[in-house]
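*Asks:*
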Amino acid sequence: MDNPFVAGKPAIAHDNPLSRTILRKLDYDQLTNCMRCGFCLPACPTFRETGLEQESPRGRIALMKAVADGLMNPDQAFRVQMDHCLGCRACEPACPADVKYGQLIEQTRDALEDHPERGLPAAGLRKVLFQGVFPNRSRLKWIGKSLAFYQKSGLRRIVRGTGMMRLFAPHLREMEEILPDATGRGVVEQLGTLFPAKGSPLARVALFRGCIMDVLFAETNVNTVKLLSEAGFDVYIPEEQVCCGALHAHSGELEEARALARANVKAFKELDMDYIVSNAGGCGALLVEYDHLLQDESDWRENAAWFAQRVIDISQLLVDKGRELPFADEAATAAEPAVMTYQDSCHLRNVMKSGSAPRQLLKRVANAEFNEMKEADRCCGSAGTYNVMQPEMAGTLLKHKMEHVKAANAHYLLTSNPGCLLQMILGAKKHNARADMKVMHVVDFLYERISRKDE
Amino acid sequence: MLDRVLVKQLRAIVGEAYFRDDKESLVAHSYDGTPMLQALPDGVIYPESTQQISDVMKLLASRRVPVVTRGSGSNLCGGTVPVQGGVVMVMHRMNRILETDLENLTATVQPGIITSEFINHIESLGLFYPPDPSSMRISTIGGNIAECSGGLRGLKYGTTKDYVLGLEAVLANGDIIRTGGKLMKDVAGYDLTKLLVGSEGTLAIITEATLKLVPPPASKKTMLAMYRDLYGAARTVSAIIESKIIPATLEIMDNPTIRVVDAYAKLGLPLDMEAVLLIEQDGDPEKVERDMERIREVCERERADRIEIASSREEAEKLLTARRSAFTALARLRPTTILEDATVPRSKIADMVLRINEIAKKYNISIATFGHAGDGNLHPTATTDARDHDEISRVERAFEDIFAAAIELGGTITGEHGVGMVKAPFLEWKIGAPGMELMKGIKQAFDPHHLLNPGKLFAKETRKRVVIDHG
Ligand SMILES: Cc1cc2nc3c(=O)[nH]c(=O)nc-3n(C[C@H](O)[C@H](O)[C@H](O)COP(=O)(O)OP(=O)(O)OC[C@H]3O[C@@H](n4cnc5c(N)ncnc54)[C@H](O)[C@@H]3O)c2cc1C
Ligand code: SF4
Ligand code: SF4
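The listed protein sequences derive, respectively, from chains A and B. All residue numbers for the first sequence refer to this note's numbering, where the first residue is 11 and numbers rise by one. All residue numbers for the second sequence refer to this note's numbering, where the first residue is 2 and numbers rise by one.
Okay, here's the thing in structure tokens:
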């Protein structure tokens with residue numbers, strides 16, 4: 011066999027421009043590090059659902075490599091296959107060879123974005139969301155306000171009544187129905203930019219407030235700050251921070267993601283904090299990888315590493331460093347007995363490696379029993395914007411998820427990420443979970459357990 | 002490319018969705034766990050029943066299209082690489098447990114069931130199915146049977162061949178045969194069951210298997226013995242067996258293996274040790290206690306530096322799981338990982354370890370060694386880079402030397418991974434020319450047109466190692 015390789019990558023002059031971009035952008039060493047043992051197969055939700063090798067991490071890596079090696083052209087089916095991946099990264103902790111699948115899929119999607127397919131409605135929708143809305147805080151706030159107006163003014167009733175929502179695909183309609191009340195008043199508007207610790211401060215932390223979080227779940231942000239303060243942390247909320255860029259990165263808009271990362275690194279570096287706290291697994295997972303995202307930018311590399319080292323999920327920080335919180339105090343708690351179950355945020359578990367922290371906290375809650383549901387670590391199908399783009403697979407995953415939720419028979423279904431939270435709310439509604447079950451962010455639940463005691 | 006008529010006929014048998022020939026499906030079935038081998042099939046088929054397989058085989062035989070049966074494609078010998086194109090037949094849809102017979106202690110299963118799912122089910126019934134290849138979380142029972150896979154419990158409990166009582170299989174011409182049964186004894190003619198076990202998909206397509214179950218051991222204990230000297234660890238293996246103790250598990254890992262496994266599993270393994278032995282004994286609690294004490298004495302005599310007993314079952318399982326990740330974890334070191342499977346009589350294990358290290362030095366390559374030491378089955382693994390042709394050729398020569406050394410010590414070229422493509426050129430070294438002729442005759446009797454997994458077991462010529470690109 012002739013050796014078609016020079017220094018790392020095969021020296022192939024692809025005719026297909028997309029193949030050329032893919033070969034250029036893919037980390038070829040990561041591709042070859044996959045030795046095709048298949049150990050990742052059982053961890054992959056899309057493989058589990060379909061049983062098809064091409065829907066598995068090993069299969070997808072082989073497809074990427076086949077394109078890079080010129081064994082196949084990246085046709086429409088290839089695109090579809092890459093879109094089918096949830097990006098949940100459950101394959102990474104399962105891989106003994108330490109193949110960085112998350113990077114490979116991001117690089118592939120980045121290449122695909124450079125050669126967009128014309129006329130795809132999904133791509134259009136994504137563009138509006140990613141380039142128009144998420145990076146732009148004032149626009150998001152405006153949307154927040156108008157969404158709040160829409161929801162509160164009765165316009166929602168009119169729209170629903172006239173059947174305007176029927177113009178949307180059914181899965182978008184379902185989504186719209188469960189969206190919580192949006193607000194234009196985010197955490198800073200409510201609490202200001204500094205919220206001091208109760209008692210002597212243990213450390214100075216900065217809150218990463220997130221964009222969706224701060225519009226749809228501003229209350230969770232507020233509770234996060236208050237919990238942190240209860241646990242002994244001075245909380246700063248830098249106003250200049252922007253969207254984390256995770257949704258962009260996962261969909262291949264790496265350039266935008268990098269621009270957002272630079273803005274965030276700058277905003278937080280100026281404050282010189284001990285920790286940067288995230289309460290959304292999806293955001294946190296990109297934040298801890300800013301060092302990787304900006305590794306080729308010499309001006310930013312060092313500060314990005316500084317940033318990445320400080321990022322921590324609120325649950326992990328409370329477990330590792332926080333003062334004991336009164337929700338654990340049996341005598342003090344007035345809350346009723348309750349059964350809780352927990353749905354992992356894939357990115358909190360697989361990327362931030364903090365899957366056990368929320369469980370540790372929940373197990374400490376007095377008067378409440380933690381009931382681990384089956385396959386809690388399996389992706390719920392939310393996966394960023396996956397449920398919008400891939401409704402079919404997302405729907406199947408959600409259906410199976412809700413079977414396990416029901417079996418856990420809990421009063422509280424808790425999770426650690428806004429996307430998962432929305433998906434769980436949708437699932438509970440669609441698949442008739444028990445009527446008295448509440449779906450909440452772990453932070454809100456913990457805060458509720460504390461404040462009840464104060465009453 | 003298969004012609005449209007044939008494709009239509011195949012779809013008529015299995016259903017529209019269960020035959021695929023789009024490029025993605027072909028690429029995804031062009032490889033298995035073997036490095037540096039890839040070849041595209043012409044189609045992928047997912048049958049649901051023995052009858053469908055029989056119909057498919059009749060059709061394909063009439064058109065002389067080759068068939069490669071595939072479980073999970075985790076084999077390490079090029080066993081499912083479709084080197085001559087044709088159709089890859091994926092067995093995953095046939096994954097049911099058809100019966101567990103608690104009176105006869107047998108289970109009858111379809112071949113596509115995942116090994117560990119089967120084992121878990123059997124254990125939930127209070128029974129035990131010992132063959133546990135490290136790949137059991139992904140491998141299929143069909144693949145285990147076709148490769149006669151071993152595992153961590155092989156030393157005391159044997160390998161897959163010791164648990165297959167009966168088979169149903171489809172021949173190349175579409176005929177359906179049944180061999181053996183729920184029988185502890187059966188001498189009605191040649192033992193076709195045993196012949197099909199380890200036949201690597203070259204004689205028939207296994208569609209159903211009746212497996213022997215055993216009562217589970219009452220207790221288990223797990224020990225980690227650590228050595229500053231690899232040779233000492235290897236000598237301990239022979240010494241344990243010499244003192245007439247057969248542990249359930251007796252695994253070895255050398256220093257490079259310990260390091261990568263710990264990087265993955267984060268168990269705090271002793272990174273400063275040259276080798277560890279992972280030893281497990283099971284059975285009645287008193288006997289286990291007694292055996293472990295004697296094993297400890299042997300280890301100490303052979304100058305183990307430290308000995309630790311797992312404090313809980315959970316801790317023991319973590320150690321075993323970590324050991325199972327060894328091969329893949331070695332892929333952390335270099336882009337290409339080539340593992341071999343030489344096996345020697347277990348009294349010769351220390352000699353073999355020395356020979357492997359000499360050979361690695363001679364060819365100036367890195368070889369990490371781990372494996373089922375108690376079975377005499379080592380997995381010397383070269384960490385290399387497929388892009389460096391000079392180094393790859395040195396690796397290949399080193400492995401030839403290792404095969405030769407194994408045979409010289411009374412061993413074999415493969416203990417459990419099978420011949421497939423990668424060891425085909427060396428098969429004659431082990432079984433001789435008359436053995437080759439006989440095996441070819443057997444193949445001819447089963448599959449006269451060489452449609453079942455062609456290009457495997459029998460190499461065009463002996464010795465030179467093959468690397469094939471196809472499609
Ligand atoms: C990390 C790793 C660790 C491993 N550890 C071990 C180990 O400890 N012990 C061990 O013995 N092996 C081990 N293996 C090798 C491999 O996993 C085994 O050979 C396993 O039995 C293959 O199962 P499979 O379902 O993946 O079969 P495949 O790889 O799909 O097929 C293997 C062979 O069986 C044939 N085949 C599959 N199904 C059928 C059928 N129904 N009828 C007829 N032929 C069929 C195929 O044609 C092929 O020749 C390991 C592999 C890896 C990657
Ligand atoms: S990604 Fe890792 S676990 Fe999956 S096949 Fe490749 S090496 Fe094995
Ligand atoms: S990221 Fe999730 S869906 Fe994608 S290949 Fe990995 S495990 Fe499968």
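We put the beta carbon where it would ideally sit given N, CA and C, even for glycine. Owing to the predicted nature of the structure, the values given are computational and were not obtained by experimental measurement.
Show which residues of chain A have a CB atom less than 7 Å away from the CB atom of V28(B).
*Replies:* The contacting residues are A72, L73, A76, L81, M82.
*Asks:* Count the other CB atoms within 10 Å of the CB of P449(B); is the residue buried (16 or more) or exposed (fewer)?
*Replies:* P449(B) is exposed by the Cβ-count criterion.
*Asks:* Kindly indicate if chain B contains any beta-carbon less than 8 Å away from that of G220(A).
*Replies:* Answer no: the Cβ-Cβ gap between G220(A) and chain B never drops below 8 Å.
*Asks:* Any chance you could list the beta strand (DSSP E) runs of at least 3 consecutive residues sitting entirely within the stretch 147-217 of chain B, in chain order?
*Replies:* Correct list: 165-171, 177-181, 206-213.
*Asks:* Which residue or residues does DSSP assign as beta-bridge partners of N378(B)?
*Replies:* According to DSSP, which records beta bridges pairwise, N378(B) is partnered with T344(B), H373(B).
*Asks:* Roughly how many whole angstroms lie between the Cα atoms of C221(A) and C78(B)?
*Replies:* Each residue's Cα considered, the two are about 51 Å apart.
*Asks:* Output needed for A351(B): all residues of its chain with C-beta closer than 8 Å, excluding positions within five of it in sequence on either side, in chain order.
*Replies:* The answer, listed in chain order, is Y232, A235, R236, V238, S239.
*Asks:* Are there 16 or more other CB atoms within 10 angstroms of the CB of R388(B), so buried, or fewer, so exposed?
*Replies:* Buried: at least 16 other Cβ atoms inside 10 Å.
*Asks:* Beta-carbon separation of K213(B) and Y164(B) under 8 Å?
*Replies:* Yes, the Cβ-Cβ distance between K213(B) and Y164(B) is below 8 Å.
*Asks:* Under the criterion of a Cβ to heavy atom distance below 7 Å, does V6(B) qualify as lining ligand 1?
*Replies:* The answer is no for V6(B).
*Asks:* Do the CB positions of H441(A) and M412(A) come within less than 8 Å of each other?
*Replies:* Yes, they are a contact pair.
*Asks:* Using a threshold of 8 Å, state whether the C-beta atoms of D102(B) and K9(B) are closer than that.
*Replies:* Against a cut-off of 8 Å, the Cβ pair of K9(B) and D102(B) comes out as no contact.
*Asks:* By the 10 Å Cβ neighbour count, where 16 or more other Cβ atoms means buried, how is R547(B) classified, buried or exposed?
*Replies:* Lying outside 2 to 472, the shown extent of chain B, residue 547(B) is not represented and no answer is given.
*Asks:* For the alpha helix (DSSP H) holding T31(A), just list the boundary residues, first then last.
*Replies:* T31(A) -> alpha helix (DSSP H) spans 27-35.
*Asks:* Taking 8 Å as the CB-CB cut-off, is R138(B) touching chain A?
*Replies:* Yes, contact with chain A.
*Asks:* Taking beta-carbon pairs under 9 Å, can you tell me which members of the stretch 417-446 of chain A lie near chain B?
*Replies:* For the stretch 417-446 of chain A, which is checked against every Cβ of chain B, not one residue is closer than 9 Å.
*Asks:* Let me know the secondary structure DSSP gives T413(B) once reduced to three states.
*Replies:* In the structure shown, T413(B) sits in a strand (DSSP, three-state: E or B).
*Asks:* In or out: L204(A) buried (at least 16 other Cβ within 10 Å) or exposed?
*Replies:* Classification of L204(A): exposed, given that the 10 Å Cβ count is below 16.
*Asks:* Of all the CB atoms in chain A, is at least one closer than 8 Å to the CB of S75(B)?
*Replies:* Judged by the 8 Å Cβ criterion, S75(B) is in contact with chain A.
*Asks:* Would you mind telling me which residues of chain B sit closer than 8 Å to L51(A), beta carbon to beta carbon, in chain order?
*Replies:* Ordered by position in chain B, the residues that pass the 8 Å Cβ test against L51(A) are S73, I139.
*Asks:* In chain A, which residues lie with their C-beta within 7 Å of the C-beta of R333(B)?
*Replies:* Here the neighbours are A107, D108.
*Asks:* Indicate the three-state DSSP secondary structure (helix, strand or coil) for R89(A) in the structure shown.
*Replies:* Of the three classes helix, strand and coil, the one that applies to R89(A) here is helix, per DSSP.
*Asks:* Which ranges would you report for the alpha helix (DSSP H) in the stretch 407-463 of chain B if only whole runs of at least 4 residues count?
*Replies:* Segments of the alpha helix (DSSP H) lying fully in the stretch 407-463 of chain B: 428-447.
*Asks:* What do you reckon, are the CB atoms on V232(A) and Q200(A) nearer than 8 Å?
*Replies:* In this structure, Q200(A) lies closer than 8 Å to V232(A) by Cβ.
*Asks:* Please name the residue or residues paired with F218(A) in a DSSP beta bridge.
*Replies:* BP columns for F218(A) point to S288(A).
*Asks:* According to DSSP, simplified to helix, strand and coil, what is I168(A)?
*Replies:* With a pLDDT of 47 at I168(A), under the threshold of 50, the modelled position of that residue is not reliable, and no figure is offered here.
*Asks:* If you measure from the CB of R99(A), is any heavy atom of ligand 3 nearer than 7 Å?
*Replies:* Because some heavy atom of ligand 3 lies under 7 Å away, the Cβ of R99(A) counts as near it: yes.
*Asks:* Going straight from the alpha carbon of L456(A) to that of L371(A), what length do you get?
*Replies:* Between L456(A) and L371(A), the C-alpha separation is close to 9 Å.
*Asks:* Looking at the C-beta of G34(B), does it have a partner C-beta in chain A at a distance below 8 Å?
*Replies:* Chain A, which has a Cβ nearer than 8 Å to the Cβ of G34(B), makes this yes.
*Asks:* For W316(A), which residues of its own chain have a beta-carbon under 7 Å away from its beta-carbon, when the five flanking residues on both sides are left out?
*Replies:* Taken in chain order, the residues that qualify are K279.
*Asks:* My understanding is that K245(B) touches Q282(B), with C-beta atoms under 8 Å, so please give their C-beta distance in whole angstroms.
*Replies:* Wrong, their Cβ atoms sit about 13 Å apart, outside the cutoff.
*Asks:* Comparing the C-beta of H93(B) with each C-beta of chain A, is any distance below 8 Å?
*Replies:* Output row for H93(B): interface = yes.
*Asks:* Looking at ligand 1, does it come within less than 7 Å of D448(B), judged from the CB to the closest heavy atom?
*Replies:* Not under cutoff, so the answer is no.
*Asks:* For chain B, find out if any of its Cβ atoms is closer than 8 Å to the Cβ of N377(A); answer yes or no.
*Replies:* Not an interface residue.
*Asks:* Considering only heavy atoms of ligand 2, does any lie closer than 7 Å to the CB of M45(A)?
*Replies:* For ligand 2, at least one heavy atom lies less than 7 Å from the Cβ of M45(A).
*Asks:* If you count every other CB in all the chains shown that lies within 10 Å of the CB of R335(B), and 16 or more means buried, which is it?
*Replies:* Buried, since its Cβ has 16 or more Cβ neighbours within 10 Å.
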